[in-house]
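Chemist: Okay, handing you the structure first.
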Amino acid sequence: MQFHYLPHLSYHSYICIMSFFKTGKPFIIAGPCSAETREQVLLTASQLAPLGINMFRAGVWKPRTRPGSFEGNGEQALQWLQETKQLYNLKFTIEVAEPEHIELALKYGADALWIGARTTVNPFHVQRLADTLKGTGIPVMVKNPVNPDVDLWVGAIERFEAAGLTEVAAIHRGFSGYSSAVGYRNQPNWPIPIELKRRRPELTIVCDPSHISGKRNRIAEVAQKALDMHFDGLMIETHPSPDDAWTDAKQQITPAQLSEILKKLIVRDEFTNDMDTQVQLEYIRQLMDAVDAEIIDLIAKRMELSEKVGEVKKQANMTAYQPSRWREIVETTSERCDVSGLDKDFIVDLYEKIHHESIKRQLYILGNAQIEIKK
Ligand code: PEP
Ligand code: MN
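Under our numbering, the letters of the sequence shown match residues -12 to 362, in that order.
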């Protein structure tokens, strides 16, 4: 399907799709990882309110990896947040993980709730929260599960929607892995939120660069990337003196640093009204479409050759999969990358798929009738 000429939304339809999260500009949520003391909550809010953020965040019950660490101030912290809301006219959101958390959050006037990454992984638990939220109409943001599973993420979102909630959004906070060698606390795995967006284009997706980065010097870069990927908003952990924070100290930034980041962020549009740009894009895309048609024809030809190879292997009683041949393909395609300037990992990934399909066809020819060849 081609979207090149999707007309710009008229002002009227734009107004109609406005919702809690769709404000027409990036939705900014900021505040400390944890509500530590009344003074810390009020001070952070007093510094954030002038920045015009959309919502204040603070952890009231903290899901800590190991026991014995600070687990949040609970109901008392909700009182501070209620006070903050009244003093600074600042909407607030907290993480809920138990039905009792929801009851208290509603009692103290929370404007939105979020479901933490460690809760999203458990469908029984998510369902219990969704059942508790029935009829409340409160906006809910669902963080991705800690494991890179887009279905589990979508499934949790669907459970809240099925409970009748209409303001459901997603938060991308990265995925845990054994090593943080590549420099992130949680791997962004961008193809996963992109897949979520592909499946649910209308869904609001907020990026949480703080939990992805794990350290403050990468927050700006991840935030910009998220906006360039068409995310709708950002959730950034902010503390008046980050080094003294009781939780997630390394990744928190001051409200002044947040202000600098927000000033420098480039907000791009999905579409443009500029005719010149539209014509240029359409021209390049026509060339691209022609190349794509050639690529498909070439893949089809390659599969025909694979089937011929399969016939020969069958006559000679040879295996479909020959590891030495796969190594040869990796080598020759990688060498071509050196010449053509393509990324080797990308090409090897692509060829893994092509080779897999080729082997599947050969197995079928060798007599594995149960293999399904989709044509
Ligand atoms: C948090 O936002 O402070 C938090 C605990 O997040 P996550 O569920 O992403 O770990
Ligand atoms: Mn945190």
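A virtual CB, placed ideally from N, CA and C, is assigned to each residue, including glycine.
Please read these numbers as outputs of a predicted model, since none were measured by experiment.
Between serine 321 and arginine 160, what straight-line distance do the alpha-carbon atoms span, to the nearest angstrom?
Modeler: Locating residue 321 in the sequence shown gives position 334, counting from the first residue. Locating residue 160 in the sequence shown gives position 173, counting from the first residue. Their backbone Cα atoms lie some 33 Å apart in a straight line.
Chemist: Should glycine 164 be counted as a contact of the ligand PEP given a C-beta to heavy atom distance under 6 Å?
Modeler: Your numbering for residue 164 matches position 177 in the sequence shown. Every heavy atom of the ligand PEP is 6 Å or more from the Cβ of glycine 164, so no.
Chemist: Is cysteine 20 near the ligand PEP, with its Cβ less than 6 Å from a heavy atom?
Modeler: Here residue 20 refers to the residue found at position 33 when the sequence shown is read from its first residue. Within the cutoff, so yes.
Chemist: Given a cut-off of 7 Å on the beta-carbon distance, is the pair alanine 17 and threonine 225 in contact?
Modeler: Translated into positions along the sequence shown, residue 17 becomes position 30. Translated into positions along the sequence shown, residue 225 becomes position 238. Against a cut-off of 7 Å, the Cβ pair of threonine 225 and alanine 17 comes out as a contact.
Chemist: Would you kindly report the start and end of the unbroken beta strand (DSSP E) that includes alanine 156?
Modeler: Here residue 156 refers to the residue found at position 169 of the sequence shown. Run containing alanine 156: 155 to 159, per the beta strand (DSSP E) assignment.
Chemist: Could you check if arginine 160 belongs to the surroundings of the ligand PEP, using beta carbon to heavy atom distance under 6 Å?
Modeler: Indexing the sequence shown from 1 puts residue 160 at position 173. Indeed, a heavy atom of the ligand PEP lies less than 6 Å from the Cβ.
Chemist: So, under 8 Å CB-CB, histidine 112 and tryptophan 48 are touching, yes? Tell me the CB distance rounded to an integer number of Å.
Modeler: Taking the sequence shown and counting its residues from 1, the one referred to as residue 112 is at position 125. Taking the sequence shown and counting its residues from 1, the one referred to as residue 48 is at position 61. That pair is no contact at about 14 Å.
Chemist: Is it buried or exposed for proline 310, if we count other Cβ within 10 angstroms and need 16 for buried?
Modeler: Residue 310 sits at position 323 when you count from the first residue of the sequence shown. Its Cβ having fewer than 16 others within 10 Å, proline 310 is exposed.
Chemist: Work out the CA separation of isoleucine 125 and alanine 64 for me, nearest whole Å.
Modeler: Numbered from its first residue, the sequence shown carries residue 64 at position 77. Numbered from its first residue, the sequence shown carries residue 125 at position 138. Going by the C-alpha atoms only, they are around 20 Å apart.
Chemist: So, leucine 245 versus isoleucine 223, is the Cβ gap smaller than 7 Å?
Modeler: Residue mapping note: residue 245 aligns to position 258 of the sequence shown, counting from 1. Residue mapping note: residue 223 aligns to position 236 of the sequence shown, counting from 1. Closer than 7 Å, so yes.
Chemist: Just curious, the alpha helix (DSSP H) that isoleucine 202 is in, first and last residue?
Modeler: Numbered from its first residue, the sequence shown carries residue 202 at position 215. A small correction: the amino acid at residue 202 is lysine; isoleucine does not occupy that position in the sequence shown. Counting along the chain, lysine 202 falls outside any alpha helix (DSSP H), and DSSP gives it neither H nor E.
Chemist: According to the neighbour-count rule (16 or more other Cβ atoms, all chains shown, within 10 Å of its Cβ), is valine 127 buried or exposed?
Modeler: The residue you call residue 127 lines up with position 140 of the sequence shown. Buried.
Chemist: With hydrogens ignored, establish whether the beta-carbon of alanine 104 is closer than 6 Å to any heavy atom of the ligand PEP.
Modeler: Along the sequence shown, one-based indexing puts residue 104 at 117. It does: the Cβ of alanine 104 is within 6 Å (strictly closer) of some heavy atom of the ligand PEP.
Chemist: Taking the C-alpha atoms as reference points, what is the distance between alanine 325 and leucine 285?
Modeler: Numbered from its first residue, the sequence shown carries residue 325 at position 338. Numbered from its first residue, the sequence shown carries residue 285 at position 298. Here residue 325 is aspartate; the residue named in the question, alanine, does not match the sequence. Computed Cα separation, rounded: 22 Å.
Chemist: Excluding the five sequence neighbours on either side, which residues of its own chain have a C-beta within less than 6 Å of the C-beta of alanine 36, listed in chain order?
Modeler: Position 49 of the sequence shown, counting from 1, holds the residue named residue 36. Within the same chain, alanine 36 has close Cβ partners Tyr75, Leu77.
Chemist: When every heavy atom of the ligand MN is checked, does at least one fall within less than 6 Å of the C-beta of aspartate 235?
Modeler: If you number the sequence shown from 1, residue 235 lands on position 248. Aspartate 235: yes, Cβ under 6 Å from the ligand MN.
Chemist: Answer with buried or exposed for tyrosine 270, where buried requires no fewer than 16 other C-beta atoms within 10 angstroms of its C-beta.
Modeler: In the sequence shown, residue 270 corresponds to position 283, counting from 1. Tyrosine 270 should be labelled exposed.
Chemist: What is the rounded straight-line gap between the Cα of lysine 171 and the Cα of arginine 203?
Modeler: The residue labelled residue 171 in the question sits at position 184 within the sequence shown. The residue labelled residue 203 in the question sits at position 216 within the sequence shown. Note that residue 171 is tyrosine in the sequence shown here, rather than lysine. Their Cα atoms are separated by approximately 11 Å.
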